[in-house]
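Down below is the structure, laid out as structure tokens.
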Amino acid sequence: MYISSIELNNYRNFRSNIIEFNKGINVIIGPNNSGKSNLLRAMALIFNPSEKKNLSIDDFNKTISLEELKMQPPKINISVTFSQEDKEKLMGDDLVIVSQWLTKLEEPYEAKLHYEFCLPLKHHEDYKRMLSSAKSEVEAWEIIDRNFLRLYTYKIYGGNLENQIIADGEYLKKFDYQFLDAIRDVERDMFSGKNTLLKNVLDFFMDYDIKSKNIDDSEKEQLIKNKKMQFEEKAKLLLDLLNERMLEGKKQILSYSKDIGASFDNTEPNFAGSITDIELYSALRLIIENKTGIQLPITHNGLGYNNLIFMSLLLAKMQVNASETYLGSNAKVYPMLIIEEPEAHLHPTMQGQLLKFLKQNLKQKKVRQIFITTHSTHITGSLSLDELICLYKVNNETHVSYPGRVFENNEDSKKYVERFLDATKSNMLFAEKIILVEGMAEQLLMSVFAEYLEKLLEYNHVAVINVGGRYFDHFLYLFNTKNKYAINRKVACITDRDPERKNLSVEKTSYKKCYPFEMQIEPTQYEYKCNKRKADYSSNIEFFLQDEVYGKTLEYDLIRFNPTAEILITNSMSNKEEIKELMDLYKKGKDLNEMFERISKSEENNRIIEALQNPNLKWAENDKKIALIAARYLNSVGKGVNALELAHVLQENLTKKGTKEYVDFVVPDYIKEAIEWVCEN
Numbered sequence: 000m001y002i003s004s005i006e007l008n009n010y011r012n013f014r015s016n017i018i019e020f021n022k023g024i025n026v027i028i029g030p031n032n033s034g035k036s037n038l039l040r041a042m043a044l045i046f047n048p049s050e051k052k053n054l055s056i057d058d059f060n061k062t063i064s065l066e067e068l069k070m071q072p073p074k075i076n077i078s079v080t081f082s083q084e085d086k087e088k089l090m091g092d093d094l095v096i097v098s099q100w101l102t103k104l105e106e107p108y109e110a111k112l113h114y115e116f117c118l119p120l121k122h123h124e125d126y127k128r129m130l131s132s133a134k135s136e137v138e139a140w141e142i143i144d145r146n147f148l149r150l151y152t153y154k155i156y157g158g159n160l161e162n163q164i165i166a167d168g169e170y171l172k173k174f175d176y177q178f179l180d181a182i183r184d185v186e187r188d189m190f191s192g193k194n195t196l197l198k199n200v201l202d203f204f205m206d207y208d209i210k211s212k213n214i215d216d217s218e219k220e221q222l223i224k225n226k227k228m229q230f231e232e233k234a235k236l237l238l239d240l241l242n243e244r245m246l247e248g249k250k251q252i253l254s255y256s257k258d259i260g261a262s263f264d265n266t267e268p269n270f271a272g273s274i275t276d277i278e279l280y281s282a283l284r285l286i287i288e289n290k291t292g293i294q295l296p297i298t299h300n301g302l303g304y305n306n307l308i309f310m311s312l313l314l315a316k317m318q319v320n321a322s323e324t325y326l327g328s329n330a331k332v333y334p335m336l337i338i339e340e341p342e343a344h345l346h347p348t349m350q351g352q353l354l355k356f357l358k359q360n361l362k363q364k365k366v367r368q369i370f371i372t373t374h375s376t377h378i379t380g381s382l383s384l385d386e387l388i389c390l391y392k393v394n395n396e397t398h399v400s401y402p403g404r405v406f407e408n409n410e411d412s413k414k415y416v417e418r419f420l421d422a423t424k425s426n427m428l429f430a431e432k433i434i435l436v437e438g439m440a441e442q443l444l445m446s447v448f449a450e451y452l453e454k455l456l457e458y459n460h461v462a463v464i465n466v467g468g469r470y471f472d473h474f475l476y477l478f479n480t481k482n483k484y485a486i487n488r489k490v491a492c493i494t495d496r497d498p499e500r501k502n503l504s505v506e507k508t509s510y511k512k513c514y515p516f517e518m519q520i521e522p523t524q525y526e527y528k529c530n531k532r533k534a535d536y537s538s539n540i541e542f543f544l545q546d547e548v549y550g551k552t553l554e555y556d557l558i559r560f561n562p563t564a565e566i567l568i569t570n571s572m573s574n575k576e577e578i579k580e581l582m583d584l585y586k587k588g589k590d591l592n593e594m595f596e597r598i599s600k601s602e603e604n605n606r607i608i609e610a611l612q613n614p615n616l617k618w619a620e621n622d623k624k625i626a627l628i629a630a631r632y633l634n635s636v637g638k639g640v641n642a643l644e645l646a647h648v649l650q651e652n653l654t655k656k657g658t659k660e661y662v663d664f665v666v667p668d669y670i671k672e673a674i675e676w677v678c679e680n
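The sequence shown begins at 0 in numbering that gives the first Met the number 0 and counts up by one.
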């Protein structure tokens, strides 16, 4: 069996939510305060015997209306569903444990546990009478806290909730809930053999060479007994040696008891004792030892490595707890490992190694299910989408999405996203708002553009993700809320118009890039197309492109909106002087022919001139002049290096705002619209 889902009602940020789980590893992600830790604590209320079960007023969901509060006392209900696994043996321990909690008898069977925290029925009349005078939700909660919370009780039921059958505590103990929380002091918990965790592990693995042998139990017992006797004999020698060293000192110590009258009736104090192997565990300390033999205490180890060591001890403890040979009928049957933020103090490479280690333990059945919460893109980038569960909030309501389920029957898109969802791109799963861009230039420049618009992407929790081309569709499956499993996030897709044409007189030819001023000027010779705005997505997804008539790419549009801004001419560009002169000619109001004379002679430049002179082009003279500068600029920049230089120059220019040195810069309209749309609430 496995824990297939949990339903949470009125618990903390969960008003009414069902979260479905996977059989093996479940990695829960989402922004801060999305409810990840609350989910783990809800599970602990059922499975962790040491978890405090009586809750406080702050554990209730506070979105309950005043009318609802007056009608009946609020209660918290957390229900866990167990489902039968494929190829599960029906006569195994799993079914024995949940047999009294079954809610579905036919295969695959289902069973349920319910934690309920509520006001007993006998207090309901008093509750309604006192709540009737409440004028607001705040006042109502104060009345509940002051007069009724102490009367609330908790119960854990099994089976159908309406039957109110208390779950047998002995069966609840069969679940081994091992929780490693985010604020942990692993060094305190594993320093020495005095610690219960380390002591239990040491005791279980003592004489493991015998315990793991394939021999009769009676033979094992005899061999271990012989080892214990050998130890006791050697321990006795140590005690004898100790007593010998204490002989004279003991006489002095005991003389005081004799003088004070503590010796009477022919008796007197003395020293005696024995040392067992179990008692000697307390003398053991965890150390680290390097190849040269130098030993250092575990406190000198890095926090990240100590976290890993502690997790390995936890897993060893789970093996101890599940051993029938060692614990008999007290052995656990369902070990589950719960880790908050496993990335704490861990280098990204070690995070990946930890995941592999945990999956290996799942495969070896040392752990039945693992639940992890994380903010690490390195961890999510190492997982399959099916292993991810995303919590997020919309209008202060908690929602759940399952990235692995959004692709429906499109396995190709799912594989594409999994292949390219690395540590950088998986940031889109954590962000509250997203801007998807085609390339490096847009990614590098977007934050600077936002600052020119007096917006801060970081402040607005916007992640800019470069999808490496026009591959938005693959990633948009994750956010298209027409699918109920998708993540409801604002997604702005910034893409280029990229006008193209195909020569109709050449057979089997393909579309090739062209300039906006070449579009539709020779309709008998060419077939034209350009990138269009897509409208078949949910309202949380918007596409932003350049003008359909005048636009082409980011670099082209930078000049279209800033035709005289020499600040855009960077060191890595070619044709710098030519473009500066074109800008100067435009500034002075020179005509188009004078500008044609300034550009260098080449096949590409001849093509530009011919198109701008074509009588079928009905553009204004000014638009043609700007297009000439934009085309020459576009053909003179190298995308990556130029974007880096441009980001630096534009950022530096911002620091001069309010001075004479500041240069006006206009953000292209389609980018302005995208940033403003994604940043608005």
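For every residue, glycine included, the Cβ atom is placed at its ideal position computed from N, Cα and C.
Inset, instruction - List the endpoints of the continuous beta strand (DSSP E) containing Gln-368. - result: 368-372
Legend entry - Straight-line gap, Phe-478 to Gln-83 (C-alpha atoms, nearest Å): 31 Å
Legend entry - According to DSSP, residues forming a beta bridge with Pro-334: Asp-175
Inset, instruction - Have a look at Glu-67, Gly-29 and Asn-8 and flag the residue whose alpha-carbon is nearest the alpha-carbon of Phe-116. - result: Asn-8
Inset, instruction - Consult DSSP for Arg-284 and reduce its assignment to one of helix, strand or coil. - result: strand
Legend entry - C-alpha distance - Lys-414 paired with Tyr-333, whole-angstrom precision: 33 Å
Inset, instruction - Give me the Cα-Cα distance between Leu-543 and Leu-428, rounded to the nearest whole angstrom. - result: Note on identity: in this sequence residue 543 is Phe, with Leu being the wrong assignment. Their backbone Cα atoms lie some 21 Å apart in a straight line.
Inset, instruction - Run the CB neighbour count on Asn-360, radius 10 Å, all protein chains shown included, and call it buried at 16 or more, exposed below. - result: buried
Inset, instruction - May I have the straight-line CA-CA distance separating Ala-343 from Glu-526, to the nearest angstrom? - result: 57 Å
Legend entry - Buried or exposed (CB count within 10 angstroms, at least 16 for buried), Val-505: exposed
Inset, instruction - For the alpha helix (DSSP H) holding Gly-303, just list the boundary residues, first then last. - result: 302-320
Legend entry - Residue closest to Ser-36, alpha-carbon to alpha-carbon, out of Lys-210, Asn-159, Ile-96 and Glu-339: Glu-339
Inset, instruction - Please state if the CB of Ala-181 and the CB of Thr-379 are separated by a distance shorter than 9 Å. - result: no
Inset, instruction - Within 10 angstroms of the Cβ of Gln-683, are there 16 or more other Cβ atoms? Answer buried if so, exposed if not. - result: Outside the displayed span of the chain (0 to 680) sits residue 683, for which this structure offers no information.
Legend entry - Those runs of the alpha helix (DSSP H) which lie wholly inside the segment 15-90 and span at least 4 residues: 35-46 and 65-70
Inset, instruction - Tell me whether Val-422 sits in a helix, a strand or coil according to DSSP, three-state version. - result: It is worth fixing the name first, because residue 422 is Ala in this sequence and not Val. If DSSP states are grouped into helix, strand and coil, Ala-422 belongs with coil.
Inset, instruction - Check Gly-192 in the structure and name its three-state DSSP category. - result: Any reading at Gly-192 needs caution, since the residue's pLDDT is 46, under 50, leaving its predicted position unreliable; the model's value is listed next. Three-state DSSP puts Gly-192 in coil, outside helix and strand.
Inset, instruction - Confirm, please, whether the CB-CB distance from Val-648 to Leu-452 is below 9 Å. - result: no
Inset, instruction - Let me know if Ser-538 comes out buried or exposed under the rule of 16 or more other beta-carbons within 10 Å of its beta-carbon. - result: exposed
Inset, instruction - Inspect the beta-carbon positions of Val-393 and Asn-459 and report whether they are closer than 9 Å. - result: no
Inset, instruction - On the DSSP bridge assignment, give the partners of Ala-462 in chain order. - result: Ile-433
Legend entry - Sequence-distant residues of the same chain with beta carbon closer than 7 Å to Glu-50, five excluded per side: Ala-43 and Leu-44
Inset, instruction - Please determine if the segment 429-448 and the segment 401-412 are in contact, where contact requires at least 3 C-beta pairs separated by less than 8 Å. - result: no
Legend entry - Residue burial classification, Asp-239 (beta-carbon count within 10 angstroms, cutoff 16): exposed
Legend entry - Assigned exposure category for Ser-55 - 16 Cβ within 10 Å defines buried: exposed
Inset, instruction - Give me the Cα-Cα distance between Gly-327 and Lys-226, rounded to the nearest whole angstrom. - result: 22 Å
Legend entry - First and last residue of the uninterrupted alpha helix (DSSP H) at Lys-681: As displayed, the chain neither begins before 0 nor continues past 680, which places residue 681 out of reach and without an answer.
Legend entry - Under the three-state DSSP convention, the category Leu-354 falls into: helix
Inset, instruction - Determine which residues share a DSSP beta bridge with Asn-502 and list them. - result: Tyr-525
Inset, instruction - Using 10 angstroms around the beta-carbon of Asp-93, count the other beta-carbons present and answer buried if the total reaches 16, otherwise exposed. - result: buried
Inset, instruction - Report the three-state DSSP secondary structure of Gly-248 (helix, strand or coil). - result: helix
Inset, instruction - Counting only the same chain and skipping the five closest in sequence on each side, list residues whose C-beta sits under 7 Å from that of Ile-223. - result: Asp-206 and Ile-209
Inset, instruction - Could you work out which residue in Leu-616, Phe-448, Ile-493 and Asn-570 is closest to Tyr-470 when comparing CA atoms only? - result: Ile-493
Inset, instruction - Return the Cβ separation of Pro-740 and Tyr-126 in integer angstroms, given the expectation that the two are a contact with Cβ distance under 8 Å. - result: One cannot answer for residue 740 here, as it falls past the ends of the chain, which runs 0 to 680.
Legend entry - Val-447, DSSP secondary structure in three states: helix
Inset, instruction - Pick out the complete alpha helix (DSSP H) segments inside the segment 111-135, 4 residues or longer, and give them in chain order. - result: 123-130
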